[in-house]
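K.L.:
Questions regarding the structure given below will be posed in turn.
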Amino acid sequence: MIYAVILCAGQGKRFGGMKQKLLLNQKPVFIHSVNSFVHSKIFDQIICVFPQGEESFFESEIRKINDNISIDLVAGGKERQNSILNALRFIENQFSIQSNDMVLIHDSARPFADENMIQDILSALKDYPAAAPGYKISDALKIVSDEGLIEKDVDRKSLWAVTTPQGFHLKTLFKLLSQETNLLYDETSLFMKQGYKVKLIETGRYNLKITYPEDFKIAEKLV
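Numbered by the working numbering, the letters in the sequence shown go through residues 32 to 254 in order.
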């Protein structure tokens with residue numbers, strides 16, 4: 032089976048509130064993300080991980096999606112890893128994880144993931160245990176001191192920005208995440224740490240993550 036896990040449980044500390052609930056073109060941001068996966072017609076099951084205490088809001092919005100695909104709600108945890116584990120445990124309990132199952136993990140604050148990106152990630156999982164979208168860094172990068180002084184340049188030649196959705200062989204992800212106690216940047220870090228190859232899929236820069244208020248203003252112009 033092919034699963035999608037949409038992470039909506041963040042508290043939005045840098046934004047100043049839950050940006051996934053903000054209305055973007057008359058729909059909450061997280062619904063745009065969910066719809067990217069629903070409309071692809073690829074997934075057998077979609078799991079939406081909601082913040083503690085927000086189930087009624089997320090459930091009411093999910094009900095408005097007119098499609099035959101099953102979307103389940105799972106409560107999030109304290110950290111990103113806990114939220115993903117909650118979703119994977121739900122999958123294991125409800126469906127029993129099989130060796131050929133695949134899962135895509137997506138940040139709900141990225142409302143512009145499209146079907147081509149999703150297809151490319153899934154295609155890469157035929158040959159690799161993990162895959163992620165990304166793009167080359169084009170800005171000049173500097174190391175800056177605590178006092179705000181530029182200390183040195185960073186060679187950007189081999190630097191890429193990695194986004195989501197990130198795809199994984201589900202059984203391997205569940206095993207590794209269940210054993211990990213340290214906080215990681217993302218799930219690809221976990222695979223790299225254990226010596227697995229992670230395929231990077233080059234995408235455009237349109238896959239914006241809404242992190243700060245100015246990002247939301249950009250998203251309003253893009254939608």
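For glycine and all other residues, C-beta sits at the position ideal for the given N, C-alpha and C.
Tell me the rounded alpha-carbon separation between glutamine 225 and lysine 206.
P.N.:
For this step, residue 225 is matched to residue 194 along the sequence shown. For this step, residue 206 is matched to residue 175 along the sequence shown. When rounded, the distance between both Cα atoms is 11 Å.
K.L.:
Can you tell me whether alanine 106 is helix, strand or coil according to DSSP?
P.N.:
The sequence position of residue 106 within the sequence shown is 75, counting from 1. In the structure shown, alanine 106 sits in a strand (DSSP, three-state: E or B).
K.L.:
Hey, would you say threonine 194 sits closer than 9 Å to arginine 120, going by beta carbons?
P.N.:
Position 163 of the sequence shown holds residue 194. Position 89 of the sequence shown holds residue 120. In this structure, arginine 120 does not lie closer than 9 Å to threonine 194 by Cβ.
K.L.:
Go ahead and pull the three-state DSSP assignment for leucine 156.
P.N.:
Position 125 of the sequence shown, counted from the start, is the residue given in the question as residue 156. Coil.
K.L.:
Please classify threonine 234 as buried or exposed, where buried requires at least 16 other C-beta atoms within 10 Å of its C-beta.
P.N.:
Here residue 234 is taken as the residue at index 203 of the sequence shown, counted from 1. By the neighbour-count rule (16 or more Cβ atoms within 10 Å), threonine 234 is buried.
K.L.:
Taking all protein chains shown into account, decide if serine 114 is buried (16 or more other Cβ within 10 angstroms of its Cβ) or exposed.
P.N.:
The sequence position of residue 114 within the sequence shown is 83, counting from 1. That one is buried.
K.L.:
Given a cut-off of 9 Å, decide if alanine 161 and valine 229 are closer than it, judged by their beta-carbon atoms.
P.N.:
As a first step, residue 229 is located in the sequence shown; it is residue number 198 there, counting from the start. As a first step, residue 161 is located in the sequence shown; it is residue number 130 there, counting from the start. In this structure, alanine 161 lies closer than 9 Å to valine 229 by Cβ.
K.L.:
Below 8 Å CB to CB, which residues in the same chain sit around valine 65 once its five sequence neighbours on both sides are set aside?
P.N.:
Numbered from its first residue, the sequence shown carries residue 65 at position 34. The answer, listed in chain order, is Ile37, Ile77, Cys79, Ile93, Ile96, Ile102 and Ser139.
K.L.:
Provide the residue span of the alpha helix (DSSP H) that contains leucine 246, from first to last.
P.N.:
As a first step, residue 246 is located in the sequence shown; it is residue number 215 there, counting from the start. One point to set straight first is that residue 246 is aspartate, not leucine, in the sequence displayed. That run of the alpha helix (DSSP H) goes 244-253.
K.L.:
Is the stretch 128-136 touching the stretch 167-184 in the sense that three or more CB pairs, one from each, lie closer than 8 Å?
P.N.:
Not touching, per the Cβ criterion.
K.L.:
Taking the straight line between their C-alpha atoms, what separation do you get for alanine 192 and serine 87?
P.N.:
By 1-based counting over the sequence shown, the position of residue 192 is 161. By 1-based counting over the sequence shown, the position of residue 87 is 56. Cα to Cα, alanine 192 sits roughly 35 Å from serine 87.
K.L.:
Are the Cβ atoms of leucine 153 and isoleucine 100 separated by less than 9 Å?
P.N.:
Looking up residue 153 in the sequence shown gives position 122. Looking up residue 100 in the sequence shown gives position 69. Not in contact: leucine 153 and isoleucine 100 (Cβ atoms no closer than 9 Å).
K.L.:
In angstroms, rounded to a whole number, what distance separates the CA positions of glutamate 130 and tyrosine 159?
P.N.:
As a first step, residue 130 must be located in the sequence shown, where it is residue number 99. As a first step, residue 159 must be located in the sequence shown, where it is residue number 128. Looking at the sequence itself, residue 130 is serine, so the reference to glutamate does not match. Going by the C-alpha atoms only, they are around 14 Å apart.
K.L.:
So within the stretch 156-190, which uninterrupted beta strand (DSSP E) runs reach at least 3 residues, ignoring any that extend past its ends?
P.N.:
The stretch 156-190 contains these whole beta strand (DSSP E) runs: 161-167, 172-175 and 181-185.
K.L.:
If the criterion is Cβ atoms closer than 9 Å, does the pair lysine 167 and leucine 204 meet it?
P.N.:
Working through the sequence shown from its first residue, we reach residue 167 at position 136. Working through the sequence shown from its first residue, we reach residue 204 at position 173. No, they are not a contact pair.
K.L.:
Ignoring anything shorter than 4 residues or poking outside the stretch 198-244, list the alpha helix (DSSP H) runs there in chain order.
P.N.:
Entirely contained in the stretch 198-244, the alpha helix (DSSP H) runs reaching 4 residues are, in chain order, 201-210 and 218-224.
K.L.:
How many Å lie between leucine 156 and serine 71 at the Cα?
P.N.:
Indexing the sequence shown from 1 puts residue 156 at position 125. Indexing the sequence shown from 1 puts residue 71 at position 40. So the two alpha carbons sit approximately 17 Å from each other.
K.L.:
The alpha helix (DSSP H) that contains alanine 118, what's its start and end?
P.N.:
In the sequence shown, the residue the question calls residue 118 occupies position 87. Per DSSP, alanine 118 belongs to the alpha helix (DSSP H) from 111-126.
K.L.:
Identify which residue in Tyr34, Gln83, Val69 and Asp75 has its Cα closest to the Cα of glycine 41.
P.N.:
The sequence position of residue 41 within the sequence shown is 10, counting from 1. Residue Gln83 is the option with its Cα nearest to glycine 41.
K.L.:
For histidine 137, list the residues DSSP reports as bridge partners.
P.N.:
The residue labelled residue 137 in the question sits at position 106 within the sequence shown. Histidine 137 pairs with Ile37.
K.L.:
Round the Cβ separation of glutamine 112 and leucine 208 to the nearest angstrom and send it over; I've been treating them as touching at under 8 Å.
P.N.:
As a working note, residue 112 is residue 81 in the sequence shown. As a working note, residue 208 is residue 177 in the sequence shown. Contact flag correct, Cβ pair sits at about 6 Å.
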